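Asker: Can you read through this structure? Questions will come right after.
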Amino acid sequence: MAWTASTEWERWDPEQYVVCPFDSSHRITAARFQRHLVKCRKNFPNKDFVSCPFNATHQVLRPHLRNHICQCPDKNVVEATMNECYQDPESLDRLRGDTSVPSYQTPGLYDVGDEDWDTEMAENEQMFCTVAPVITHRHSNEPTRFEQQSLMGLKHQVLKREIKQKALQE
Numbered sequence: 001m002a003w004t005a006s007t008e009w010e011r012w013d014p015e016q017y018v019v020c021p022f023d024s025s026h027r028i029t030a031a032r033f034q035r036h037l038v039k040c041r042k043n044f045p046n047k048d049f050v051s052c053p054f055n056a057t058h059q060v061l062r063p064h065l066r067n068h069i070c071q072c073p074d075k076n077v078v079e080a081t082m083n084e085c086y087q088d089p090e091s092l093d094r095l096r097g098d099t100s101v102p103s104y105q106t107p108g109l110y111d112v113g114d115e116d117w118d119t120e121m122a123e124n125e126q127m128f129c130t131v132a133p134v135i136t137h138r139h140s141n142e143p144t145r146f147e148q149q150s151l152m153g154l155k156h157q158v159l160k161r162e163i164k165q166k167a168l169q170e
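Everything in the sequence shown is counted per full-length UniProt numbering, starting at 1 for the first residue and increasing by one.
If you want it as structure tokens, here you go:
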């Protein structure tokens with residue numbers, strides 16, 4: 001068993017050091033032990049450890065699990081709680097929790113209220129155009145200034161290439 005403490009109070013002390021079941025050279029405080037177990041389990045996939053049903057920090061080799069379950073110190077805590085709840089039927093609900101199904105309510109599901117997306121879009125377009133005027137539609141087929149500059153650059157490159165080819169031919 002990984003969790004070994006001499007007294008009942010030391011078992012719950014978060015500063016108590018615990019030896020890792022995967023690697024005995026690892027000594028971890030009880031407060032960080034669960035996080036360490038997750039990481040260490042990934043590093044040692046060959047070791048066949050299983051968790052105790054009463055306390056997940058108890059990592060036991062699979063063949064020793066039945067013996068550990070009989071002797072687990074946390075077994076008494078769980079069994080005492082269960083016995084207490086079974087003796088008082090009202091406290092059994094405390095373990096079960098609230099399992100009632102909430103009532104189905106539909107008010108407001110399909111109400112749109114005073115929202116009108118068309119008017120909101122129109123208002124947003126007008127506001128946007130006053131802040132940053134944008135031409136949304138071009139009515140002419142003439143190229144823009146950017147297009148003209150890029151076309152001029154292309155024409156210039158084509159002209160250079162033609163001149164080089166003529167010079168090589170001569």
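Glycine included, C-beta positions come from ideal geometry on N, C-alpha and C. The structure presented is a predicted model; accordingly, all values stated were derived computationally and were not measured.
Taking DSSP as the reference, what is the three-state secondary structure of S150?
Answerer: The answer is helix: DSSP assigns S150 an H, G or I state.
Asker: By the three-class DSSP mapping on this structure, what secondary structure does V101 have?
Answerer: Coil at V101, not helix or strand.
Asker: Can you tell me the Cα-Cα spacing of C52 and S100, whole angstroms?
Answerer: Going by the C-alpha atoms only, they are around 31 Å apart.
Asker: If we call anything under 8 Å between Cβ atoms a contact, is A56 one with Q71?
Answerer: No, they are not a contact pair.
Asker: Would you mind working out which of L65, K160, F54 sits nearest V77, comparing C-alpha positions?
Answerer: Nearest option by C-alpha distance: F54.
Asker: Identify the continuous beta strand (DSSP E) that holds F49 and give its terminal residues.
Answerer: Counting along the chain, the beta strand (DSSP E) containing F49 begins and ends at 49 to 51.
Asker: Take residue 171 and list the residues in its own chain whose beta-carbon comes closer than 7 Å to its own, dropping the five residues that flank it on each side.
Answerer: There is simply no residue 171 to check, as the chain begins at 1 and stops at 170 in what is shown.
Asker: Cα-Cα, which of A80, P14, C40 is closest to residue 181?
Answerer: The requested residue 181 does not occur in the structure, where the chain is confined to residues 1 to 170.
Asker: Is it buried or exposed for V60, if we count other Cβ within 10 angstroms and need 16 for buried?
Answerer: That one is buried.
Asker: For the beta strand (DSSP E) containing T29, list its first residue and its last residue.
Answerer: Per DSSP, T29 belongs to the beta strand (DSSP E) from 27 to 29.
Asker: Quick one: residues in its chain with C-beta nearer than 8 Å to the C-beta of P14, no 5 flanking neighbours on either side, listed in chain order?
Answerer: Closer than 8 Å at Cβ, skipping near neighbours: T29, A30, A31.
Asker: Mind checking V18: buried by the 16 CB within 10 Å criterion, or exposed?
Answerer: It counts as buried.
Asker: Which residues does DSSP list as the beta-bridge partners of L61?
Answerer: DSSP, once it has assigned bridges, lists F49 as partnering L61.
Asker: Can you say whether L37 is buried or exposed, counting buried as having 16 or more other CB atoms within 10 angstroms of its CB?
Answerer: With 16 or more Cβ atoms within 10 Å of its Cβ, L37 is classed as buried.
Asker: Within the continuous alpha helix (DSSP H) that includes F33, where are the two ends?
Answerer: Segment 33 to 43, the alpha helix (DSSP H) holding F33.
Asker: Under a Cβ-count criterion, where at least 16 other Cβ atoms within 10 Å of its own Cβ denotes burial, should H58 be classed as buried or exposed?
Answerer: H58 should be labelled buried.
Asker: Excluding the 5 residues flanking A80 on each side, which residues of the same chain have their C-beta closer than 8 Å to its C-beta?
Answerer: No residues qualify anywhere along the chain.
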